[in-house]
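Engineer: Structure incoming, see below.
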Amino acid sequence: DLMNRCSVKASGRIAWEIFLEKFQSPVTIRNGKSLPIRPNHRIYPAMETKTAVDWTALWKELYRRVNSNYSTLKEAFLQIDKNRDGRVTKSEFR
1 DLMNRCSVKA
11 SGRIAWEIFL
21 EKFQSPVTIR
31 NGKSLPIRPN
41 HRIYPAMETK
51 TAVDWTALWK
61 ELYRRVNSNY
71 STLKEAFLQI
81 DKNRDGRVTK
91 SEFR
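Heads up: the sequence shown is residues 1 to 94, going by the UniProt record's numbering.
So, in structure tokens, the structure goes:
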């Protein structure tokens, strides 16, 4: 469901760059024959703004949230990782 929700079509593993691309706004382009593609961020509409990302603050917040919910996240991944190999496959995510 996560892959489908992010419009990723894959049968197994995918490169993380391809997955993360789905969180970026489309580029507005013109070829002279069609209408421009309107930027529209499907996952997080606030990303449509043209402000610079403060990556340091973003990573600090992500780190804080993961640490504050570590036991819950670990339990969730342990429930998903059926064969306990330390990796979560697409089929296990279903």
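Just so it is clear, CB atoms sit at the ideal spot from N, CA and C, and this is done for glycine as well.
If you follow the alpha helix (DSSP H) that residue 69 is part of, which residue opens it and which one closes it?
Structural biologist: Element bounds for residue 69: n/a, residue is neither H nor E.
Engineer: Per DSSP, what kind of secondary structure is residue 89 in: helix, strand or coil?
Structural biologist: coil
Engineer: Excluding the 5 residues flanking residue 81 on each side, which residues of the same chain have their C-beta closer than 8 Å to its C-beta?
Structural biologist: For residue 81, same chain residues with a beta-carbon under 8 Å away, outside a window of 5 residues either side, are 87, 88, 92 in chain order.
Engineer: Once DSSP output is grouped into helix, strand and coil, what is the label at residue 52?
Structural biologist: DSSP places residue 52 in coil when its eight states are reduced to three.
Engineer: Just verifying my parser: in three-state terms, what is the DSSP assignment at residue 82?
Structural biologist: coil
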